[in-house]
Amino acid sequence: MRRTALLGSKRIPSRGFSLIEVVIAMAVILILSAIALPAFVSAYRTYQLTDATTQFAGLLKFTRGEAIRLNTNVSCQIQQAASVPPVTNTWADSDGDGVEDPGEKQLLFSGTVNLVPAGAVPNAAGLAAAANVPALATVPLANGFVTFDRRGAVSPANAPQVYAFYLSNLNDTSVGARAVILLPSGSIQLWKADSLGNWIVLG
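Counting from 13, one number per residue, gives the positions in the sequence shown under my numbering.
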């Protein structure tokens, strides 16, 4: 004979969240978000600045490689428009015509992270001492360039200079600044500074 187990009629009550519990949970989430958000924004802006610096250094390295590959002088051109925020076109002028052509490697800065003059970063003068070089030259941002010769050295070789290119977040100086140093040999160094201008090598 088949037996069927009968369940009792006793119901197990299901319990949800009360309104007070939901409000408390939301309050905790909002408090934690308020604490974490500034740190997240700062970390993101720091990443943007470092990434832009790395990309610009990559463009300089590419330009140097083009000079060696083509066995001729090749310039990295910089043209910054006076807008708000400024728009900066940089490119490897492989054909030497001074014009930004579609086939040439290009890098555009159009947001808050941009190339800036030395006076716009904290303690720019201290970078030379930190890098152990006598002085740092700069390139005009409005219409400047730096040229590599067929050996990959900075041209002209008879007047060697150490160049520095500075980058900053135009809306948030608390994340500090970055710099790309270009040595006469064509070697490149990346540096970073905090908001007080303490420069260290970007590892």
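Think of the CB as a built atom: it goes at the ideal place given N, C-alpha and C, for glycine as much as any other residue.
None of these values were measured; they are calculated from a predicted model.
Consult DSSP for residue 131 and reduce its assignment to one of helix, strand or coil.
As a position in the sequence shown, residue 131 is number 119, starting the count at 1. If DSSP states are grouped into helix, strand and coil, residue 131 belongs with the helices.
Report all residues from its chain with a CB closer than 6 Å to the CB of residue 133; omit the five preceding and five following residues, and keep chain order.
Within the sequence shown, the letter at position 121 stands for residue 133. Closer than 6 Å at the Cβ level, and outside the excluded window around residue 133, lie 178, 180, 189.
Please state the DSSP three-state secondary structure of residue 230.
Any answer about residue 230 is impossible in this case: the structure gives the chain only from 13 up to 215.
Go ahead and pull the three-state DSSP assignment for residue 158.
If you number the sequence shown from 1, residue 158 lands on position 146. The answer is strand: DSSP assigns residue 158 an E or B state.
Three-state secondary structure (DSSP) of residue 13
Residue numbering aside, residue 13 sits at position 1 when the sequence shown is read from its first letter. Residue placement at residue 13 cannot be trusted, given a pLDDT of 47 that sits under 50; the coordinates are not used to answer.
Thinking C-beta only, is residue 93 closer than 8 Å to residue 200?
On the sequence shown, position 188 is the one that residue 200 refers to. On the sequence shown, position 81 is the one that residue 93 refers to. Against a cut-off of 8 Å, the Cβ pair of residue 93 and residue 200 comes out as no contact.
Pick out whichever of 144, 116, 36 has its Cα sitting closest to the Cα of residue 203.
To locate residue 203, count along the sequence shown from 1; it is residue 191. Checked all of 144, 116, 36; the closest Cα to residue 203 is 144.
Threshold first: 3 residues or longer. Then list the beta strand (DSSP E) segments lying entirely within the region 76 to 157, N to C.
As summarised for the region 76 to 157, the continuous beta strand (DSSP E) elements at least 3 residues long and confined to that stretch are 86 to 93, 99 to 105, 118 to 121, 125 to 128, given in chain order.
Any idea what DSSP makes of residue 18, helix, strand or coil?
Along the sequence shown, read from residue 1 onward, the residue named residue 18 stands at position 6. The pLDDT assigned to residue 18 is 49, lower than 50, so where the model puts this residue is not dependable, and the model offers no usable value.
Determine the DSSP secondary structure at residue 214, reduced to helix, strand or coil.
On the sequence shown, residue 214 is found 202 positions in, with the first residue counted as 1. In this structure, residue 214 counts as coil in the three-state DSSP scheme.
Residue 192 lies in the beta strand (DSSP E); which residues open and close that run?
Walking along the sequence shown from the start, residue 192 turns up at place 180. From DSSP, the beta strand (DSSP E) with residue 192 extends over 189 to 194.
Against chain C, does residue 59 count as a neighbour if the rule is that its beta carbon must be under 8 Å from one of theirs?
The question asks about chain C, but that chain is absent: this structure has only one protein chain.
On a CA-only basis, which of 46, 52, 28, 57 is nearest residue 187? Give me that one, please.
Position 175 of the sequence shown, counted from the start, is the residue given in the question as residue 187. Comparing Cα positions, the closest option is 57.
Counting Cβ pairs, one atom from each stretch, are 3 or more of them under 8 Å apart for the region 35 to 52 and the region 123 to 130?
The region 35 to 52, when compared against the region 123 to 130, does not touch it at the 8 Å Cβ threshold.
If you compare alpha carbons, which of 73, 195, 91 is closest to residue 154?
The residue given as residue 154 occupies position 142 in the sequence shown. Residue 154 has its Cα closest to that of 91, out of 73, 195, 91.
Cβ atoms of residue 106 and residue 71: under 8 Å apart, would you say?
Numbered from its first residue, the sequence shown carries residue 71 at position 59. Numbered from its first residue, the sequence shown carries residue 106 at position 94. The answer is no: Cβ separation not under 8 Å.
Using only alpha-carbon positions, find the residue among 211, 176, 141 that is nearest to residue 152.
Position 140 of the sequence shown, counted from the first residue, corresponds to residue 152. Answer by Cα proximity: 176.
Residue 197 to residue 109 span [Cα, whole Å]
Along the sequence shown, read from residue 1 onward, the residue named residue 197 stands at position 185. Along the sequence shown, read from residue 1 onward, the residue named residue 109 stands at position 97. Those two C-alpha atoms are separated by around 24 Å.
Is the distance from the Cβ of residue 173 to the Cβ of residue 149 below 8 Å?
Numbered from 1 along the sequence shown, position 161 holds the residue referred to as residue 173. Numbered from 1 along the sequence shown, position 137 holds the residue referred to as residue 149. Yes, Cβ-Cβ distance for residue 173 and residue 149 is below 8 Å.
Compute the Euclidean distance between the alpha carbons of residue 195 and residue 164, then round it to the nearest angstrom.
The residue you call residue 195 lines up with position 183 of the sequence shown. The residue you call residue 164 lines up with position 152 of the sequence shown. When rounded, the distance between both Cα atoms is 11 Å.
Cα-Cα separation between residue 162 and residue 52, rounded to whole angstroms:
Position 150 of the sequence shown holds residue 162. Position 40 of the sequence shown holds residue 52. Their Cα atoms are separated by approximately 45 Å.
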